[in-house]
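Visitor:
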Amino acid sequence: MSAAAQTVKRALTTAERAKLASMLRVNHAGELGANQIYRGQHWVLSRTDPSVKDTIQHMWDQEIHHLATFDKLIAKHRVRPTAMRPLWEVGAFVMGASTALMGTKAAMACTEAVETVIGTHYNDQLREIIKMAPGSKEIEGLKDVIKEFRDDELEHLDTAVNDWDAKSAPAYPVLTEVIKGICRVAIKVSEKV
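In our numbering, the protein residues as written are 563 to 755.
Dropping the structure here:
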């Protein structure tokens, strides 16, 4: 019998359920924020640089799908969404719109910074999920969802860097480090609140 076949399926422990709730809450909050960032970028760039409109819309459409998926998952697992939602919605829209007002390259630097942090965040979550109860019904399929969404986020990062020259944005090092820091703080807060 293979090692996988010998794995005993079990329910999640109380600590694992708490970790799952934290993961779902923060991912839901993150996808909400991503939607608002792209909403802000689209609102500005569709007027100032229509050449990027379709790219922004494609990335935004993927984020809409991600948010809809996490909407279903938090309901399924009866997880309370973040209490920070109103602040995250406004802050993310402002981040998207303000970087877009700095120009297309700055908007793409924002995308690169956000997706860099989110790619790492999703990889960290995948490592945590692997440690949880193999075959548990509570996490069934979640690993595949996170892998798919991580890959979408990294595609956005690659698009920003390779197709839209994000690294040549004005004040690129400062801009991206500030955005990465904001994302890391939002992740930590959303895990708890």
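C-beta atoms are modelled at their ideal positions from N, C-alpha and C, and glycine is treated no differently.
Predicted, not measured: the structure shown is a model, and the values here were computed from it.
Are there 16 or more other CB atoms within 10 angstroms of the CB of E702, so buried, or fewer, so exposed?
Guide: Here residue 702 refers to the residue found at position 140 when the sequence shown is read from its first residue. Label assigned to E702: exposed.
Visitor: Which two residues bound the contiguous alpha helix (DSSP H) that contains D706?
Guide: Numbered from its first residue, the sequence shown carries residue 706 at position 144. 704-720 is the span of the alpha helix (DSSP H), which, as asked, contains D706.
Visitor: Going by C-alpha to C-alpha distance, which of C745, V755, D616 sits closest to D725?
Guide: The residue given as residue 725 occupies position 163 in the sequence shown. That would be D616, whose Cα lies nearest to the Cα of D725.
Visitor: Indicate the three-state DSSP secondary structure (helix, strand or coil) for S698 in the structure shown.
Guide: Against the sequence shown, residue 698 aligns to sequence position 136. Reduced to three states, the DSSP call for S698 is coil.
Visitor: Please report the distance separating the alpha-carbon of L594 from that of G697.
Guide: Within the sequence shown, residue 594 is the residue found at index 32, counting from 1. Within the sequence shown, residue 697 is the residue found at index 135, counting from 1. If you draw a straight line from the Cα of L594 to the Cα of G697, it is about 28 Å long.
Visitor: Roughly how many angstroms lie between the CA atoms of K699 and A573, to the nearest whole one?
Guide: Within the sequence shown, residue 699 is the residue found at index 137, counting from 1. Within the sequence shown, residue 573 is the residue found at index 11, counting from 1. One C-alpha to the other measures close to 7 Å.
Visitor: On the premise that Q603 lies in contact with I618, defined as a C-beta separation below 8 Å, what is that separation, rounded to the nearest angstrom?
Guide: In the sequence shown, residue 618 corresponds to position 56, counting from 1. In the sequence shown, residue 603 corresponds to position 41, counting from 1. 5 Å between Cβ atoms; contact.
Visitor: Quick check: the Cα distance between N685 and I692, rounded to an integer number of angstroms?
Guide: To locate residue 685, count along the sequence shown from 1; it is residue 123. To locate residue 692, count along the sequence shown from 1; it is residue 130. N685 and I692: Cα-Cα distance of roughly 11 Å.
Visitor: Assuming T673 contacts A722 under a Cβ cut-off of 8 Å, what Cβ separation, rounded to an integer in Å, is found between them?
Guide: Looking up residue 673 in the sequence shown gives position 111. Looking up residue 722 in the sequence shown gives position 160. With a Cβ gap of about 4 Å, T673 and A722 count as contacting.
Visitor: Which word fits V679, buried or exposed, when buried means at least 16 other C-beta atoms lie within 10 angstroms of its C-beta?
Guide: Your numbering for residue 679 matches position 117 in the sequence shown. By the 10 Å Cβ count, V679 comes out buried.
Visitor: If you draw a straight line from the alpha carbon of Q598 to that of A654, how long is it in whole angstroms?
Guide: What you label residue 598 is simply residue 36 of the sequence shown in a count that begins at 1. What you label residue 654 is simply residue 92 of the sequence shown in a count that begins at 1. Near 5 Å, if we compare the C-alpha coordinates of A654 and Q598.
Visitor: Could you check which residue in R601, K638, W650 has the C-alpha nearest to that of A579?
Guide: Numbered from 1 along the sequence shown, position 17 holds the residue referred to as residue 579. Residue identity differs from the one stated: residue 579 is Arg in this sequence, not Ala. For the set R601, K638, W650, the Cα lying nearest the Cα of R579 is the one of K638.
Visitor: Count the other CB atoms, across all protein chains shown, that sit within 10 Å of the CB of S613; report buried if there are 16 or more and exposed otherwise.
Guide: The residue labelled residue 613 in the question sits at position 51 within the sequence shown. The residue is exposed, with fewer than 16 neighbouring Cβ atoms inside 10 Å.
Visitor: Assuming contact is defined by CB atoms lying nearer than 7 Å, are V675 and K742 in contact in what I supplied?
Guide: Counting from 1 along the sequence shown, the entry for residue 675 is found at position 113. Counting from 1 along the sequence shown, the entry for residue 742 is found at position 180. Residue identity check: residue 675 is Ala in the sequence provided, not Val. Closer than 7 Å, so yes.
Visitor: Nearest by alpha-carbon distance to A668: which of E710, V736, V588, E715 is it?
Guide: Position 106 of the sequence shown, counting from 1, holds the residue named residue 668. Checking every option, the nearest Cα to that of A668 belongs to V736.
Visitor: Under 7 Å between the Cβ atoms of V818 and T644?
Guide: The chain is shown from 563 up to 755; residue 818 falls before or after that span and cannot be answered.
Visitor: Taking C-beta to C-beta, are V740 and L663 nearer than 7 Å?
Guide: Counted from its first residue, the sequence shown places residue 740 at position 178. Counted from its first residue, the sequence shown places residue 663 at position 101. No, the Cβ-Cβ distance between V740 and L663 is not below 7 Å.
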